[in-house]
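Colleague: In this note's numbering, the protein residues as written are 34 to 543.
Note that CB positions come from ideal geometry on N, CA and C, so glycine has one too.
Treat the numbers as computed from the prediction; the structure is a model and nothing was measured.
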Amino acid sequence: MKQTKGSLRTYRLVFIPILFLVLFILFGWYSMENSKRIQDQNRGYAADSARQIADHVEDELSNGLSRIRTYADFLGKSLSEPKVTAQMLSDMEKNSNFDGFRFVDANGLNHAADGQTSIATDRDYYLNGMKGESGISIILESRITHEAMVGFYSPVYCRGDIIGVLRGVYWEKEYMQDMLAASYFGSDAGMFFCTEDGTVVASSEGQSYNGNLPENLLRYQMIDLEATKKLRTAIDKKEQEIVIPVSDGKIDNICVFPLLEGEYVLIQTFPESVTKNMVNRVNRTGILLELMLILSFVAYIAILLIYGRREKKVLERENRELAYVTQGVSTLFSRFVIVDFEEDAYHYVIGSKPERKEFPLSGRYEDLVEYLSSFLAEDRDRQDFLRLCSKKHVISELGKHGKDIRNEYHVQREGRDEWEHLNIICLERKDGKAAKVLFLRQNTTELKEKELRIQAEISVANRKKRHYQEAMIADSVCTFDFNVTRDLLEHDVIHANIGQRWPMFEEMDK
């Protein structure tokens, strides 16, 4: 019992840290799964949001191109002579969505609404416009305002001839910056409107970037080298909806969307802080949940310890009482064996063991019956024992006679004749049949010898009585010796008979 208590105490001490270790491992797995899930969720969300902004930008560019064509057509039809003045440009700006208008004449001189001019013979809008083409022209540095602008151009026809190119322009800081603005959960995302080679035209931050965007992001340590290579490849291939995860940097992922059939590209950088904040919020919730679980386990363990102490006292008392009972019963029964008929097995109860050391403490029921029968002195008795203790017979007898079966046998141990009492008690029933039984064996040699002596003495007394009675009936004169003290009642009966039938004996008695 002391070993069992020590084992239980050790088990509890080992179980508690294992329980907490399992909790921390589960929380680590929960955190990793949450981080992965939130990253995947944010990448999908960022791609959807970037796609909407890209569609909006593309619509604005298409609308601007459509509007400049309308203005150029209206201007050409309203001219009485092939000449566009600064006043005309100024009047057009008053009722237009464009920030300003420019007109490049056939000689390549660029005219502004305020009267300023510049040479534009090398600009793509002049070269393409004079060919009768319409399009979008990105100017990184205007020769008049020295600012970046987005321009839409279309040729102006007068009497069937191209007299110049009309341009409607948006200032990058006032137009593109507002259109590119994007925010996620209170954190601003970087949105970049770039040319087909990745050169930044405008950004949501309003910051100027010299050169290629991937190189700038790598220079400012916003992304790592591997992500830079992937971004360059995506820009060159002009593929639709490219999401590039970033493992090392200040950006969680990058979305790439080509615009106007690849002439321009919209790039969004999703801030890592958004993902971290979301993961931290979820982890804080997980930490609170884990703390509540730990507190619940601590409270539960405390309750178990308190309850266990009470139960321990009760069990100790019951074990002491059971030990007293077992010690008392063991003076009567030397062997205790429990038999399970469902498993067809036996095992000796703790504290009890077979006489022969080589016989196992547990095994098949048939082996137990064979072992017990080996102690019987006579072969006929052994055969009867095997039949009476068979599984089928025991189950049948316990079903008929109730809770127990009792038998007594003449056995021989170490050359000595002894008597043994076997009591089979039903412990458990299933479907009305005995399932588990208890074999109790008691050495009754001393009691049996006393019983046999008493039976022998009674037999001798009965024989003497019978001989005396026969002599009286035959009128014979005989003398008899018998123990008056032990057979007093019998002597009185005989004496009475003598007095009635033979008076001569009365005189002799006197």
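Under 7 Å, do Ser-385 and Arg-368 count as touching if we go by C-beta distance?
Modeller: Yes. Within cutoff.
Colleague: Could you have a look at Leu-160 and say whether DSSP puts it in helix, strand or coil?
Modeller: Looking at Leu-160 - three-state DSSP - the assignment turns out to be helix.
Colleague: Could you tell me the distance, in whole angstroms, from the CA atom of Arg-462 to the CA atom of Lys-425?
Modeller: Between Arg-462 and Lys-425, the C-alpha separation is close to 14 Å.
Colleague: Spatial neighbours of Ile-438 within its chain, please: CB distance less than 6 Å, with the 5 preceding and 5 following residues excluded, ordered by chain position.
Modeller: Excluding sequence neighbours, Ile-438 sits near Glu-430, Ile-457.
Colleague: Measuring alpha carbon to alpha carbon, tell me which residue in Leu-460, Glu-441, Leu-471, Ser-492 is nearest Lys-576.
Modeller: Look at the range of the chain in this structure, 34 to 543, and you will see that residue 576 is not part of it.
Colleague: Quick check: what's the CA-CA separation for Arg-415 versus His-380?
Modeller: The straight-line gap from Cα to Cα measures roughly 22 Å.
Colleague: In terms of residues, what are the limits of the alpha helix (DSSP H) holding His-500?
Modeller: First-last of the alpha helix (DSSP H) with His-500: 478-506.
Colleague: Could you name the residues of the same chain whose beta carbon sits closer than 6 Å to that of Ser-14, not counting the 5 residues immediately before and after it, in chain order?
Modeller: As shown, the chain starts at 34 and ends at 543. That puts residue 14 outside it, with no answer to give.
Colleague: When the Cβ atoms of the segment 232-247 are set against those of the segment 171-186, are three or more pairs found closer than 8 Å?
Modeller: Judged by Cβ distances under 8 Å, the segment 232-247 makes contact with the segment 171-186, as three or more pairs qualify.
Colleague: If you measure between the beta carbons of Ser-151 and Asn-161, is that distance less than 7 Å?
Modeller: Not closer than 7 Å, so no.
Colleague: Can you name, in chain order, every residue of its own chain whose Cβ lies under 6 Å from the Cβ of His-454, other than the five neighbours on each side?
Modeller: Same-chain partners within the cutoff: Glu-441, Gln-475, Thr-477.
Colleague: Would Arg-76 and Asn-310 be called neighbours here (beta carbons separated by less than 7 Å)?
Modeller: No, these two residues do not count as a Cβ contact at 7 Å.
Colleague: Residues bridged to Met-182 by DSSP?
Modeller: Met-182 is bridged to Ile-172, Trp-204.
Colleague: Give me the Cα-Cα distance between Val-298 and Ile-268, rounded to the nearest whole angstrom.
Modeller: In a straight line, the C-alpha of Val-298 is about 7 Å away from that of Ile-268.
Colleague: Mapping the DSSP letters down to three states, classify Glu-354 as helix, strand or coil.
Modeller: The answer is helix: DSSP assigns Glu-354 an H, G or I state.
Colleague: Answer with buried or exposed for Glu-305, where buried requires no fewer than 16 other C-beta atoms within 10 angstroms of its C-beta.
Modeller: By the 10 Å Cβ count, Glu-305 comes out buried.
Colleague: Please list, in chain order, all residues of the same chain as Asp-73 whose beta carbon is under 6 Å from its beta carbon, the five residues on each side excluded.
Modeller: Closer than 6 Å at Cβ, skipping near neighbours: no residue.
Colleague: Assign Ala-105 to buried or exposed, taking buried as 16 or more other Cβ atoms, counted over all protein chains shown, within 10 Å of its Cβ.
Modeller: Classification of Ala-105: buried, given that the 10 Å Cβ count is 16 or more.
Colleague: Quick one: what does DSSP say Pro-393 is sitting in, helix, strand or coil?
Modeller: Of the three classes helix, strand and coil, the one that applies to Pro-393 here is coil, per DSSP.
Colleague: Count the other C-beta atoms from every protein chain shown that fall within 10 angstroms of the C-beta of Pro-50, then say buried if there are 16 or more, exposed otherwise.
Modeller: Counting Cβ neighbours within 10 Å, Pro-50 comes out exposed, since fewer than 16 surround it.
Colleague: Taking Gly-465 as the reference, give the member of Ser-406, Met-65, Phe-408, Gly-432 with the closest Cα.
Modeller: It is Gly-432.
Colleague: On the three-state DSSP scale, how would you describe Ile-49?
Modeller: Here Ile-49 sits in helix by DSSP.
Colleague: Since Met-224 is in the beta strand (DSSP E), which residue starts that stretch and which ends it?
Modeller: Residues 223-228.
Colleague: Between which two residues does the beta strand (DSSP E) harbouring Ser-123 extend?
Modeller: Run containing Ser-123: none in the beta strand (DSSP E); it sits in the alpha helix (DSSP H), 119-127.
Colleague: What is the DSSP secondary structure of Pro-247, counted as helix, strand or coil?
Modeller: Helix.
Colleague: Kindly provide the ranges of any alpha helix (DSSP H) runs that are 4 or more residues long and lie completely inside the segment 245-294, ordered along the chain.
Modeller: Counting only runs of 4 or more, we get 246-252, 258-270.
Colleague: In the segment 411-465, which residue ranges form an unbroken beta strand (DSSP E) of at least 3 residues, counting only runs that do not cross its ends?
Modeller: With a minimum length of 3 residues, the continuous beta strand (DSSP E) runs that stay inside the segment 411-465 are 437-446, 449-463.
Colleague: Would you kindly check if the distance between the Cβ of Ser-64 and the Cβ of Asn-316 is under 7 Å?
Modeller: Yes; because the gap between Cβ atoms is below 7 Å, this pair is in contact.
Colleague: Should Leu-108 and Val-189 be called a contact, given that it needs their Cβ atoms to be closer than 7 Å?
Modeller: In this structure, Val-189 lies closer than 7 Å to Leu-108 by Cβ.
Colleague: What separation, rounded to the nearest whole angstrom, lies between the Cα atoms of Asp-400 and Arg-413?
Modeller: Using only the alpha carbons, I get a separation of about 19 Å.
Colleague: Tell me, please, which residues DSSP counts as bridged to Thr-154.
Modeller: DSSP output for Thr-154 lists no bridge partner at all.
Colleague: For Val-382, does the three-state DSSP call read helix, strand or coil?
Modeller: Correct three-state label for Val-382: coil.
Colleague: Please report the straight-line C-alpha distance between Phe-53 and Gly-341, rounded to a whole angstrom.
Modeller: Cα to Cα, the separation comes out at about 21 Å.
Colleague: Let me know the secondary structure DSSP gives Gly-219 once reduced to three states.
Modeller: Note: Gly-219 maps to coil in three-state DSSP.
Colleague: Can you have a look at Gln-301 and say buried or exposed, based on whether 16 or more other CB atoms are within 10 angstroms of its CB?
Modeller: Gln-301 comes out buried.
Colleague: Beta carbon of Phe-392, beta carbon of Ser-406: below 7 Å?
Modeller: Contact flag unset, no.
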